[in-house]
Amino acid sequence: MAPQRFHEQFGKIQRALPGVPLAMGPDDSAEFIYEKGVVLARDGEEARLVEDTVRGHFAATEGLVADHVRRAGPQANRSGITRIQVGDPGHGDHRADHAVAGALHALREAEGRTGRRLVSRNHVVHIAVNACPGDEPVPAPRAAGANPAVAGAPYDPETAPGVLVIDNGLVHDYRAYPPLARTQGDPQLAETDENGVLHQYVGHGTFIAGLVAAVAPHTAITVRNTLNDAGAILESDFGEALFDAVDDAGWPDIISLSAGTSNGRTDGLLGIDAFMRELREQRTLLVAAAGNNGSANPFWPAAYADLPGFEDSVLSVGALRGDGEAGACFSNHGPWVKAWAPGERLTSALTGFETPVPYVYQHSTYDACRYGFTYSCTCCSPRHTGLLSEDGPTGKPDQVMFEGFAQWSGTSFATPVAAGLVAAHMSAHKETDPRAARRQLLAATTDSAEVRGARVPALRPPTWRPVPVTESAGSA
Numbered sequence: 000m001a002p003q004r005f006h007e008q009f010g011k012i013q014r015a016l017p018g019v020p021l022a023m024g025p026d027d028s029a030e031f032i033y034e035k036g037v038v039l040a041r042d043g044e045e046a047r048l049v050e051d052t053v054r055g056h057f058a059a060t061e062g063l064v065a066d067h068v069r070r071a072g073p074q075a076n077r078s079g080i081t082r083i084q085v086g087d088p089g090h091g092d093h094r095a096d097h098a099v100a101g102a103l104h105a106l107r108e109a110e111g112r113t114g115r116r117l118v119s120r121n122h123v124v125h126i127a128v129n130a131c132p133g134d135e136p137v138p139a140p141r142a143a144g145a146n147p148a149v150a151g152a153p154y155d156p157e158t159a160p161g162v163l164v165i166d167n168g169l170v171h172d173y174r175a176y177p178p179l180a181r182t183q184g185d186p187q188l189a190e191t192d193e194n195g196v197l198h199q200y201v202g203h204g205t206f207i208a209g210l211v212a213a214v215a216p217h218t219a220i221t222v223r224n225t226l227n228d229a230g231a232i233l234e235s236d237f238g239e240a241l242f243d244a245v246d247d248a249g250w251p252d253i254i255s256l257s258a259g260t261s262n263g264r265t266d267g268l269l270g271i272d273a274f275m276r277e278l279r280e281q282r283t284l285l286v287a288a289a290g291n292n293g294s295a296n297p298f299w300p301a302a303y304a305d306l307p308g309f310e311d312s313v314l315s316v317g318a319l320r321g322d323g324e325a326g327a328c329f330s331n332h333g334p335w336v337k338a339w340a341p342g343e344r345l346t347s348a349l350t351g352f353e354t355p356v357p358y359v360y361q362h363s364t365y366d367a368c369r370y371g372f373t374y375s376c377t378c379c380s381p382r383h384t385g386l387l388s389e390d391g392p393t394g395k396p397d398q399v400m401f402e403g404f405a406q407w408s409g410t411s412f413a414t415p416v417a418a419g420l421v422a423a424h425m426s427a428h429k430e431t432d433p434r435a436a437r438r439q440l441l442a443a444t445t446d447s448a449e450v451r452g453a454r455v456p457a458l459r460p461p462t463w464r465p466v467p468v469t470e471s472a473g474s475a
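In terms of numbering that gives the first Met the number 0, the numbers along the sequence shown are unbroken and rise by one, the last being 475.
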């Protein structure tokens, strides 16, 4: 993703996590966001090793202060992770955090000896990756209906596959949309501000539940508001929150997760290591979004699909553009992305079925695709004129009214489409093992699309309608 775009959107994440100073990484590049002045280590002996090693390294290194090194949270929890403060979080700005970089450097020799990672940044996990969605939602006419349209399938509560959506909850009137009448879950908190305008990403979880319900109407859907802080959560809290979600609802057949982060590494996220190892021992299939950075770098937890031992328990999903023939410009890509589904300009329930609700756009316009694509992609069409700086909105933003449906783009939405297709396969073939259903579905898929010159398996729902793709005005 373009650094300019990243800088413009950084303020959204900072406002979602008030009181948590954040930095950009690695160093001051635009790949991910993390907590300043803090690193993560595994509970117990490894945390003690990290703390002692960092303190000793800082004491011997000019420009680093050992006095700041201390535990910054509980020494034991279910996620198996301890936060260790290594610097003054209030020092400097959002660019390179030298204390965190120094702590990572201090453990390199020990990590070389042990053959595994001992320390990590505390990354921000987010439903819009590093605050950069494919685009913002736009109103869609109710008469046009959902896209994918709702499939015709009987519902049997005794055999319906269970789908757990980890997101930001459900809007208050979601049951006004008939396909969601049976959906259960947590409410979306603080939907609007004092002026009745929708907060950022409100309706994201409802939109996703609507996509699952359209592709697989026979599923039992539960939506959690794990990511209720404008879609953001610290890695140190994410593992515990995932455990809480499955404790509340039980381990489902499928988890649909449209959130994650890159971390500049190829071995996963330390903060969810315990959860992922527990997932591997269950029968649940995690269907995870590949991310919207237009990058080939691994994005977690989706990229676990490419790690030994996790291939069967994780399905990583990239987004196809509107016509389904190629990858969407924003979608992450690479061999760790195992399936592709429509993710550009989908239509689903957002909010406002009872009362129209305004939404104020606060993001920049682009004259051309920020990833270099020549079709009229979601970077520049639709275009919104509200601007956002690190200090907040500037200029006069657009305001539109939602009356139920929205059109939205992102790998966030390709993910529930793929999850729904796995669930639909389970019901159609009386398959009770979601991981077996995933293997069977991919093995039976003959459709393909072109992504960065490679042919990839394309999961296109029968009720999905392609959206015409045109060349942008500025293309050669």
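Using N, Cα and C, we set each Cβ at its ideal position, and we do this for glycine too.
Computed from a predicted structure; not experimentally measured.
>> Buried or exposed for residue 366, going by 16 or more other Cβ atoms inside 10 Å?
In response: By 1-based counting over the sequence shown, the position of residue 366 is 367. Exposed, by the Cβ-count rule.
> Taking the alpha-carbon positions, what's the residue 479 to residue 97 distance?
Replying inline: Since the first residue of the chain shown is 0 and the last is 475, residue 479 is not available in this structure.
> For residue 12 versus residue 40, is the C-beta distance shorter than 7 Å?
Replying inline: Here residue 12 is taken as the residue at index 13 of the sequence shown, counted from 1. Here residue 40 is taken as the residue at index 41 of the sequence shown, counted from 1. Contact: no.
> Which whole runs of the beta strand (DSSP E) in the segment 429–464 are 3 residues long or more, in chain order?
Replying inline: Qualifying beta strand (DSSP E) stretches, in chain order: 447–450, 453–456.
> Looking at residue 204 and residue 166, is the spacing between their C-beta atoms short of 7 Å?
Replying inline: Residue numbering aside, residue 166 sits at position 167 when the sequence shown is read from its first letter. Residue numbering aside, residue 204 sits at position 205 when the sequence shown is read from its first letter. In this structure, residue 204 lies closer than 7 Å to residue 166 by Cβ.
>> Going by C-alpha to C-alpha distance, which of 336, 218, 126 sits closest to residue 260?
In response: For the purposes of this step, residue 260 is identified with residue 261 of the sequence shown, where counting begins at 1. Cα-wise, what sits closest to residue 260 is 126.
> For residue 245, does the three-state DSSP call read helix, strand or coil?
Replying inline: As a first step, residue 245 is located in the sequence shown; it is residue number 246 there, counting from the start. Residue 245 falls in the helix class under three-state DSSP.
>> Tell me which residues share the same chain as residue 417 and place their Cβ nearer than 6 Å to its Cβ, disregarding the 5 neighbours each side in the sequence.
In response: Translated into the one-based positions of the sequence shown, residue 417 becomes position 418. Take residue 417, set aside five residues on each side of it, and the residues of its chain with a beta-carbon closer than 6 Å to its own are 286, 316, 338, 340, 458, in chain order.
> Mind checking whether residue 161 and residue 216 have CB atoms under 7 Å apart?
Replying inline: Sequence index remark: in the sequence shown, residue 161 carries index 162 (1-based). Sequence index remark: in the sequence shown, residue 216 carries index 217 (1-based). No, the pair does not count as a contact, with Cβ atoms beyond the cut-off.
> Taking just the CA atoms, how far does residue 357 sit from residue 9?
Replying inline: Residue 9 sits at position 10 when you count from the first residue of the sequence shown. Residue 357 sits at position 358 when you count from the first residue of the sequence shown. Rounded to the nearest angstrom, the two C-alpha atoms are 24 Å apart.
> For residue 248 versus residue 78, is the C-beta distance shorter than 7 Å?
Replying inline: Taking the first residue of the sequence shown as position 1, residue 248 is located at position 249. Taking the first residue of the sequence shown as position 1, residue 78 is located at position 79. A distance of 7 Å or more separates the beta carbons of residue 248 and residue 78.
> Which one or two residues does DSSP pair with residue 57 in a beta bridge?
Replying inline: One-based indexing of the sequence shown puts residue 57 at position 58. DSSP lists no beta-bridge partner residue for residue 57.
> In whole angstroms, what is the alpha-carbon distance linking residue 50 and residue 307?
Replying inline: In the sequence shown, residue 50 corresponds to position 51, counting from 1. In the sequence shown, residue 307 corresponds to position 308, counting from 1. Approximately 30 Å, taken between the alpha carbons.
> Using the C-alpha atoms, what's the distance from residue 465 back to residue 448?
Replying inline: On the sequence shown, position 449 is the one that residue 448 refers to. On the sequence shown, position 466 is the one that residue 465 refers to. Taking the straight line from one Cα to the other gives about 13 Å.
> Residues in its own chain within less than 6 Å of residue 469 by CB, not counting five upstream and five downstream?
Replying inline: Within the sequence shown, residue 469 is the residue found at index 470, counting from 1. Shown here for residue 469: same chain residues with a beta carbon closer than 6 Å to its own, the five before and five after excluded, namely 375 in chain order.
>> Taking 6 Å as the limit between beta carbons, can you name the residues of its chain near residue 177, skipping five residues before and five after?
In response: Against the sequence shown, residue 177 aligns to sequence position 178. Excluding residues up to 5 positions away in sequence, nothing lies with its Cβ nearer than 6 Å to the Cβ of residue 177 in the same chain.
>> Can you list, in chain order, the residues of its chain with a C-beta nearer than 7 Å to that of residue 353? Leave out the 5 residues immediately preceding and following it.
In response: Walking along the sequence shown from the start, residue 353 turns up at place 354. Cβ-Cβ distances below 7 Å link residue 353 to 172, 175 in the same chain, with the five nearest sequence neighbours on each side left out; the list follows chain order.
>> Bridge partners for residue 406 per DSSP, in chain order?
In response: Position 407 of the sequence shown holds residue 406. Beta-bridge partners of residue 406 (DSSP): 137, 346.
> Going by beta carbon distance, what residues of the same chain come within less than 6 Å of residue 148, once the five residues before and after it are set aside?
Replying inline: Position 149 of the sequence shown, counting from 1, holds the residue named residue 148. Within the same chain, residue 148 has close Cβ partners 462.
>> My output table needs one value for residue 12: the three-state DSSP class, helix, strand or coil.
In response: Translated into the one-based positions of the sequence shown, residue 12 becomes position 13. Helix, per DSSP.
> Considering only residues of the same chain and omitting the five flanking positions on each side of residue 281, which have a CB-CB separation below 6 Å?
Replying inline: In the sequence shown, the residue the question calls residue 281 occupies position 282. For residue 281, where only same-chain residues beyond five positions count, the Cβ hits under 6 Å are 250.
> Who are the Cβ neighbours of residue 139 in its own chain at under 6 Å, not counting the five residues just before and after it?
Replying inline: Residue 139 sits at position 140 when you count from the first residue of the sequence shown. By the criterion of a C-beta distance shorter than 6 Å, residue 139 is surrounded in its chain by 346, 404, 405, 406, once the five residues flanking it on both sides are discounted.
>> Quick check: residue 212 and residue 318, are their CB atoms within less than 7 Å of each other?
In response: By one-based count along the sequence shown, residue 212 stands at place 213. By one-based count along the sequence shown, residue 318 stands at place 319. Not in contact: residue 212 and residue 318 (Cβ atoms no closer than 7 Å).
>> Checking the sheet assignment: what are the DSSP bridge partners for residue 161?
In response: Along the sequence shown, one-based indexing puts residue 161 at 162. Its beta-bridge partners are 219.
> With distances taken from CA atoms, which of 229, 196, 284, 427 is nearest residue 397?
Replying inline: Along the sequence shown, one-based indexing puts residue 397 at 398. Nearest option by C-alpha distance: 196.
>> Can you look up residue 360 in the DSSP assignment and give me helix, strand or coil?
In response: As a working mapping, residue 360 is identified with position 361 in the sequence shown. Of the three classes helix, strand and coil, the one that applies to residue 360 here is coil, per DSSP.
>> Alpha carbons only, please: which of 329, 31, 359, 157 is nearest the one belonging to residue 198?
In response: Start at 1 with the first residue of the sequence shown, and residue 198 comes out as number 199. Residue 359 is the option with its Cα nearest to residue 198.
>> With a threshold of 6 Å on Cβ separation, who are the neighbours of residue 14 within its own chain once the five nearest residues in sequence on each side are excluded?
In response: Mapped onto the sequence shown, residue 14 falls at position 15. So the list is empty, once near-sequence residues are dropped.
>> Could you pull the DSSP bridge partners for residue 286 from this structure?
In response: Within the sequence shown, numbered from 1, the residue matching residue 286 stands at position 287. Under DSSP, residue 286 shares a beta bridge with 255, 314.
>> Within 10 Å of its beta-carbon, does residue 183 have 16 or more other beta-carbons around it, so buried, or fewer, so exposed?
In response: As a working note, residue 183 is residue 184 in the sequence shown. With fewer than 16 Cβ atoms within 10 Å of its Cβ, residue 183 is classed as exposed.
> Taking all protein chains shown into account, do 16 or more other C-beta atoms lie within 10 angstroms of the C-beta of residue 228, making it buried, or fewer, making it exposed?
Replying inline: If you number the sequence shown from 1, residue 228 lands on position 229. Burial call: buried.
> Nearest to residue 296 by CA position, among 262, 320, 322, is which residue?
Replying inline: Your numbering for residue 296 matches position 297 in the sequence shown. Out of 262, 320, 322, 262 has the C-alpha closest to the C-alpha of residue 296.
> What does DSSP give as the partner residues of residue 399 in its beta bridges?
Replying inline: Numbered from 1 along the sequence shown, position 400 holds the residue referred to as residue 399. According to the DSSP secondary-structure assignment, residue 399 is paired through a beta bridge with 358.
> With C-beta atoms as the reference, is residue 294 less than 7 Å away from residue 410?
Replying inline: Stepping through the sequence shown from its first residue, residue 294 is reached at position 295. Stepping through the sequence shown from its first residue, residue 410 is reached at position 411. Residue 294 is not a Cβ neighbour of residue 410, given a cutoff of 7 Å.
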